[in-house]
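Presented below is the structure to which this report refers.
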Amino acid sequence: MFDKKLSLKNNKNLVFGVFEDADALLETTKKIYDKGIDIIDCYTPYPIHGLEKAMGLKRSRLPIGAFICGMTGFSLALTLQSYIMVFDWPIVIGNKPYAGIPAWIPVLFELSILCTAFGIGILFFARNGMIHGKIPSELVDLKQTDYRMVLALAMDEDGVDKSEVIDMLAKGGAVEIKERMNHEEDSFEENNVSFEKVNVSHSHH
Amino acid sequence: MAHGHKIEIKEENFIFTPKAKKFTFMLLGLGLLLTIVGFFTMPKENHHAHDSHHAATEVEHHENAAHAATKHHVDPWGENQVNNPAPPPQVEDPASHKPWYSRVYATLLVNSYFFLIISITALFFVGLQYIANAGWSASIKRVPEAMASFLPIAAIVMIIVLIMGKDYLYHWAHYEHEHLKPGDAGYDKILSSKSWFLNSKMFIGGIVLIPLIWFLFKKKLQSLSVREDKVGGVEPFKLSIKWSAGFTFIFAFSFSILSWLVIMSVDAHWYSTIFSIYNFATGFVSTLAIIVLTVLFLKSQGYLNLVTDEHIHDLGKFMFAFSVFWTYIWLSQYLLIWYAQIPEEVMYYQNRFEAKWSPFFFINIVLNFIVPFLFLMTRDAKRNPKILVLVGTIILLGHWNDVFLMVMPGSIGSWAGIGLFEIGTTMVFAGGFIYMLLSSLSKQSLVPVNHPYIEESAHHDVGI
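Listed in order, the protein sequences are those of chains A and B. If you're matching positions, the first sequence starts at 7 in this note's numbering and goes up one per residue. If you're matching positions, the second sequence starts at 193 in this note's numbering and goes up one per residue.
Structure below.
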């Protein structure tokens, strides 16, 4: 259920660019994506228009989940009402037939909506791993939920020049650059994550 | 929404080409021809008008058979037997005391009212964007603005048709002339109690005054739009917000009153408290469909370069959402009447369930709900011009049928039909509408270059 690609719980060597300006983040993300570097995720305190395209994210499959949840609610309501009103306890109300379909529509509608809303809410949080209590260990920067934005990149692909990436981040306007070295996946402890600050020596500013 | 890349905002001047002019004139000419041929070939004899009694007995017989079948069901309380209901209210065919040419008035009413509510809800769309402070729509704003230019023509035709034909269309107008007192033969308690509202003075006052007020608002908003193009600055924009707020407020009341006077009073014994919002939904969906069709047409001609798939997607969402909204209102009206089964309310649907009207009744639901709901559900469909054109056209036909079904059964009954005359007049109105739309599009730049939100609209993005 949980999308592991979004998690930092891996044994990859990671580099993080911390930004304070949304446009700088967007432009840098586009350049990094064009280079073919593996973007793990962007952590931003508010939605940034166009960022999902810049990161090369594929379209969410949440609508399919929504459709399935909606159909579940619809069939639930249909089964419930037809069982009660026609088979289990048929009562004549206002001289209407037992299967008075128009009278069922409000309930069909409401249960479809209810199941869809709850279903995609739960699916969304489960897929993102945003269930309460999971996130603090993965905070790269304490202010990333406030005003800073973090671009997380994996360095383990072949042909990736780390110093070049760090240079791109610095030139792109990152206020801080952090790094996490490779480590064994099974030794990954929640409180044992360290994001070391990278000092950019050759600043071009 | 600075994206780093700059989109050039420049004026675009739409040219109403001779080819497009030729098309509209051909539509008008062919429509006129069909109207004339339709007028002379229209049935002048009516056999159904005297058959209404037979139809009613047949329905009654059918009902009894249906109840005999339901009695076989197990009744858990034993005593709660299905009572044989009172025979369904006999629907009197209004055609029985009306001349054949009432159909001319009724058809012209359907078309003028349909195009009037399209024109005015187009202006409402413009106003809505202002009061919602919407940015995305700035680049398509000229299209609904131009659609409102048909308002005076539709209104004038409607006023003439109603003044000349009200006695042929409205039961209450005919009743008014009889000056009956309580106790007189033919005295109608309901119509008499409504006569303070449903009388010639109120009627003519309403149908003249309300479109006039709308027209003044349209003039004002249009002049602000022109001023914005010429002078620039945010002052016209701020004034537009104020005028739009005033218009929206007045529109809500005046549109309701107009829909009661012109359409609901066709079935004068009947009333529905949700009727005006139902009419609004009909007009607004049609307006959205025409906006989509016009935007796609202009894009195919190489105009509206600021409009991207994102805007088209939003317009598709609008069309989808308001089709569902229309259905919601339709069902709200139907469900309560069906459940309560109060005779004078049920008459309205009883009439529409009978043989002549039931195809229109069911086509109404298929074209206006099932088709847009299923076709426009996915994201890809809302971004696909072919599907949008198909569904937009179906919605327009469906809502024309909707207005037709609101007017015909209660006004002229079995005289009504869809023949050459109906097709012809609709083509004439459509031709006139397209002519006014395109000619007013050509008068101003298609891109409101000085609109404060044009930059935002150019960068509009709904995400993946």
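The beta-carbon is built from N, C-alpha and C at its ideal position, and this holds for glycine as well.
If you check the CB distance, Asp9 of chain A and Arg133 of chain A come in under 8 Å. For Gly23 of chain A, the secondary structure class from DSSP, reduced to helix, strand or coil, is strand.
For Leu63 of chain A, at least one C-beta of chain B is nearer than 8 Å to its own C-beta.
Per the DSSP secondary-structure output, Ser637 of chain B pairs in a beta bridge with B:Asn205. Within the region 602-646 of chain B, complete alpha helix (DSSP H) segments of at least 4 residues are found at 612-633, given in chain order. By DSSP's assignment, Lys203 of chain A forms a beta bridge with A:Lys184.
Contact annotation: Tyr495 of chain B and Phe206 of chain B have beta-carbon atoms nearer than 8 Å.
Put simply, the CB of Ala109 of chain A is near chain B, with a gap under 8 Å to one of its CB atoms. Annotation note: the region 277-334 of chain B contains no uninterrupted beta strand (DSSP E) run of length 3 or greater. Those residues of the region 91-102 of chain A placed with their C-beta closer than 8 Å to a C-beta in chain B are Trp95, Pro96, Ile97, Val98, Gly100, Asn101 and Lys102, ordered along the chain.
8 Å or more divides the Cβ of Asn303 of chain B from the Cβ of Phe613 of chain B. The closest CA to that of Gly165 of chain A, considering only A:Ile46, A:Leu31, A:Gly42 and A:Phe25, is found on A:Gly42. By the C-beta density criterion, Ala532 of chain B is exposed, having fewer than 16 other C-beta atoms within 10 angstroms. The alpha-carbon separation between Phe73 of chain A and Arg67 of chain A amounts to approximately 10 Å. Secondary-structure assignment with DSSP links Ala158 of chain A through a beta bridge to A:Phe22 and A:Asp47. Approximately 7 Å separates the beta-carbon atoms of Leu14 of chain A and Leu20 of chain A; this is inside 8 Å, confirming the contact. The contact set of Tyr531 of chain B on chain A, defined by CB atoms closer than 9 Å, consists of Ile99, Gly100, Lys102, Gly106, Pro108 and Ala109 in chain order. A Cβ-Cβ separation of about 37 Å leaves Ser634 of chain B out of contact with Leu361 of chain B under the 8 Å criterion. If you look at Pro551 of chain B, you'll find it in the alpha helix (DSSP H) that goes Ser550 to Ile557. The DSSP-derived three-state label of Arg419 of chain B is helix. Taking 8 Å as the upper bound on Cβ-Cβ separation, chain A lies near no residue of the region 596-616 of chain B. The criterion of a C-beta distance shorter than 8 Å is satisfied by Ala160 of chain A and Lys18 of chain A. Between Trp518 of chain B and Val581 of chain B, the CB-CB gap reaches or exceeds 8 Å. Going by beta carbons, Gly319 of chain B and Thr479 of chain B fall outside the 8 Å limit. Residues of the region 41-56 of chain A with a C-beta less than 9 Å from any C-beta of chain B: Pro53, His55 and Gly56, listed in chain order. For Tyr39 of chain A, the enclosing alpha helix (DSSP H) has its first and last residue at Ala28 to Lys41.
Secondary structure note for Ala481 of chain B: its alpha helix (DSSP H) is the uninterrupted segment Phe467 to Ser492. DSSP places Phe445 of chain B inside the alpha helix (DSSP H), whose first and last residues are Glu427 to Val454. Around the beta carbon of His652 of chain B, 16 or more other beta carbons lie within 10 angstroms, which makes this residue buried.
Using a C-beta cut-off of 8 Å, the region 561-572 of chain B makes no contact with the region 448-455 of chain B, since fewer than three inter-stretch Cβ pairs fall below that distance. Here the alpha carbon of Glu370 of chain B sits roughly 54 Å from the alpha carbon of Arg419 of chain B. Across the structure, Ser415 of chain B and Glu427 of chain B are spaced so that their CA atoms are roughly 13 Å apart. Within its own chain, the residues whose Cβ lies closer than 7 Å to the Cβ of Ser637 of chain B, once the five positions on either side in sequence are excluded, are Glu203, Glu204, Asn205 and Asp421, listed in chain order. Considering only B:Pro336, B:Ala330 and B:Phe514, the residue with the shortest C-alpha distance to Phe316 of chain B is B:Pro336.
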